[in-house]
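As structure tokens, the structure follows; a few thoughts come after it.
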Amino acid sequence: MAVTLAEAKNNALEDYDPFVIDEFRKSSVILDSLIFDEAVNPAGGGATLDYSYRRQETQPTAEFRAINTEYSPSTTTTKKYTTTLAVLGGAFEIDRLLANIGPKGSDEVTRNVNDKVKAAVTLFQDTVINGDTGVNDKAFDGLDKALTGSATEMKPATGT
23 MAVTLAEAKN NALEDYDPFV IDEFRKSSVI LDSLIFDEAV NPAGGGATLD
73 YSYRRQETQP TAEFRAINTE YSPSTTTTKK YTTTLAVLGG AFEIDRLLAN
123 IGPKGSDEVT RNVNDKVKAA VTLFQDTVIN GDTGVNDKAF DGLDKALTGS
173 ATEMKPATGT
């Protein structure tokens with residue numbers, strides 16, 4: 023029995039373009055400010071889509087003290103969380119005849135890649151704040167959901 027294309031693809035590496043990654047970072051203050059952990063290797067190699075991390079639950083305190091007295095001890099508390107990483111991207115199709123018509127900076131492939139980057143950045147930024155796996159199980163929980171009820175949640179003052 024011959025090896026099918028679908029079976030051969032299981033052993034193939036994915037195409038990796040650092041230019042596109044750079045475009046994501048240049049297009050977003052949020053993405054450029056994040057520290058990316060190589061939890062998933064784009065070339066394969068035993069990576070997992072489950073990621074564990076510790077979230078700081080409380081802050082330690084600081085205080086002034088009198089001479090010959092001690093500070094009150096206080097520590098940070100953390101809690102372990104595990105999340106499943108979400109896949110974000112998009113696709114477009116261009117007839118090979120039209121792909122390279124025009125100057126390099128404005129050909130159809132370049133224009134579509136740039137527009138896809140803008141769309142992905144916009145969706146990522148919105149999901150960082152408003153994401154909810156209860157609404158879209160393919161996405162991730164954003165800060166609005168993740169921080170609800172925590173000591174870091176800012177609440178408006180009540181009264182007049």
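Under the numbering used here, residues 23 to 182 are what the sequence shown spells out, in order. Positions of the beta carbon are idealized from the N, C-alpha and C atoms, including for glycine. Since we're looking at a predicted model, the values are computed, not measured.
CA-CA distance, residue i and residue j?
{"i": "THR105", "j": "LEU119", "result": "43 Å"}
{"i": "PRO125", "j": "ILE151", "result": "38 Å"}
{"i": "GLU115", "j": "LEU107", "result": "26 Å"}
{"i": "VAL139", "j": "GLU92", "result": "55 Å"}
{"i": "ILE52", "j": "ALA168", "result": "17 Å"}
{"i": "ALA88", "j": "ALA141", "result": "57 Å"}
{"i": "ASP137", "j": "SER94", "result": "55 Å"}
{"i": "LEU71", "j": "VAL109", "result": "9 Å"}
Does the distance from the CB of residue i to the CB of residue j come in under 7 Å?
{"i": "SER49", "j": "VAL143", "result": "yes"}
{"i": "GLY153", "j": "PHE146", "result": "no"}
{"i": "TYR73", "j": "TYR103", "result": "no"}
{"i": "LYS101", "j": "ARG77", "result": "yes"}
With a CB to CB cut of under 8 Å and the five nearest residues on each side skipped, what residues in its chain are close to residue i?
{"i": "PRO82", "result": "SER96, THR97, THR98"}
{"i": "THR121", "result": "Here residue 121 turns out to be Ala, not Thr, going by the sequence shown. Here the set comprises ASP129, GLU130, VAL131."}
{"i": "ASP54", "result": "ARG47, LYS48"}
Which residue wins for smallest C-alpha separation from residue i, given the options the options?
{"i": "LEU165", "options": "VAL51, GLY111, THR149, GLU85", "result": "THR149"}
Tell me residue i's beta-bridge partners as DSSP assigns them.
{"i": "THR100", "result": "GLN78"}
{"i": "ASP72", "result": "THR106"}
Once you ignore the five residues that flank residue i on each side, which residues in its own chain have a CB closer than 6 Å to its CB?
{"i": "GLU45", "result": "VAL139"}
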